[in-house]
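This report refers to the structure that appears directly beneath it.
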Amino acid sequence: AAKPKLYYFRGRGRMESIRWLLAAAGVEFEEEFLEKREQYEKLEKDGHLLFGQVPLVEMDGMMLTQTRAILSYLAAKYNLYGKDLKERLRIDMYVDGTLDLLTMIAQARFKSPEEKEENFALIVKKAKTRYLQVFEKILKDHGEDFLVGNKFSWADVQLIEAILMVEELSASVLSDFPLLKAFKTRISDISTIKKFLQPGSQRKPPPDQHYVDVVRHILQF
Ligand SMILES: CCCCC[C@H]1O[C@@H](O)C[C@@H]1SC[C@H](NC(=O)CC[C@H](N)C(=O)O)C(=O)NCC(=O)O
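Each residue of the sequence shown is one higher than the one before, starting from 2 at the first, in this note's numbering.
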């Protein structure tokens, strides 16, 4: 079967979680990077952008948009969505919280330089008190290796992505969370994740000013 094809900017944004989940599932994918406004306009004209937005993923003969819908489809397709309705619900709860944190971080990078530092400090504080503390307790309460059903799932992928992104803002953020430290080591050691963490993989670096400028230019905001 043809490999999934991802249409997005050459950066993390909303597409990075989709890259992570595909990589975790061991699924190879191609990328088309939007560098010019014309590319975005062509996708729109061709009717591929349901609400006029990207991420866009071409797979299984479909043109898919809406990040959360795509992630859910991938999790179900690659058996990373729990064994029953209750486990899927728990995964959804954990993932929605983690995506809120990731979105906060990603949007903060679009702030002005003076706002950015203050914003990042606030985000690190919220990450620790509202998110990481909760996941530390979940691991403590059930004493298992994975967040849900003692089996590797989408929830674990989102959390490792979030941990690494928060550590980019504050390297010592896990100092009060021994179970999350062990979780990070364990999940990073899973062969598909380990490969994605190697240099040269399709994982994107933190956004720089050029990325922000290109996104603003293409989307004209
Ligand atoms: C996670 C946040 C990453 C920051 C960068 C993104 O946020 C946006 O500022 C731009 C990009 S994403 C690009 C943006 N896409 C979305 O907002 C998608 C939202 C949708 N609910 C989804 O989850 O896929 C876009 O196409 N906008 C065109 C426009 O609406 O006319």
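We put the CB at the ideal spot given by N, CA and C, even for glycine.
A quick note: this is a predicted structure, and the numbers were derived from the prediction, not measured.
Query	Result
E29 lies in the beta strand (DSSP E); which residues open and close that run?	No beta strand (DSSP E) holds E29; DSSP gives it neither H nor E.
Considering just the uninterrupted stretch of the alpha helix (DSSP H) at T193, what are its terminal residues?	S192 to F197
Going straight from the alpha carbon of L23 to that of K78, what length do you get?	10 Å
My output table needs one value for M16: the three-state DSSP class, helix, strand or coil.	coil
Counting C-beta neighbours from all protein chains within 10 Å, is the total for G53 16 or more, i.e. buried, or is it exposed?	exposed
Tell me the start and end of each unbroken alpha helix (DSSP H) in the stretch 26 to 68 that is at least 4 residues and wholly inside, in chain order.	38 to 46
Indicate, with yes or no, if ligand 1 has a heavy atom lying under 8 Å from the CB of L220.	yes
Considering only the beta carbon of each residue, do L105 and T68 sit closer than 9 Å?	Reading off the sequence shown, one finds Met at residue 105, where the question assumed Leu. Their beta carbons are not under 9 Å apart, which means M105 does not touch T68 by this criterion.
Residues in the same chain with beta-carbon distance under 8 Å from K84, minus the five sequence neighbours each way, listed in chain order, please.	G150 and K152
Pull the bridge partners of L7 from the DSSP assignment, please.	E32 and V58
Tell me which same chain residues have a C-beta within less than 6 Å of the C-beta of A76, skipping the five on either side of it?	Y82 and W155
For R20 versus F30, is the C-beta spacing smaller than 9 Å?	yes
Alpha helix (DSSP H) containing F147: first to last residue?	Counting along the chain, F147 falls outside any alpha helix (DSSP H), and DSSP gives it neither H nor E.
For A109, I'd like the list of residues in its chain whose CB is within less than 7 Å of its CB, leaving aside the five on either flank, ordered along the chain.	K117, N120, F121 and I124
Mapping DSSP to helix, strand and coil, what is G98?	helix
Give the straight-line distance between the Cα atoms of E36 and K141, rounded to the nearest whole angstrom.	45 Å
Closest by CA to L100, which one among E88, V135 and A163?	A163
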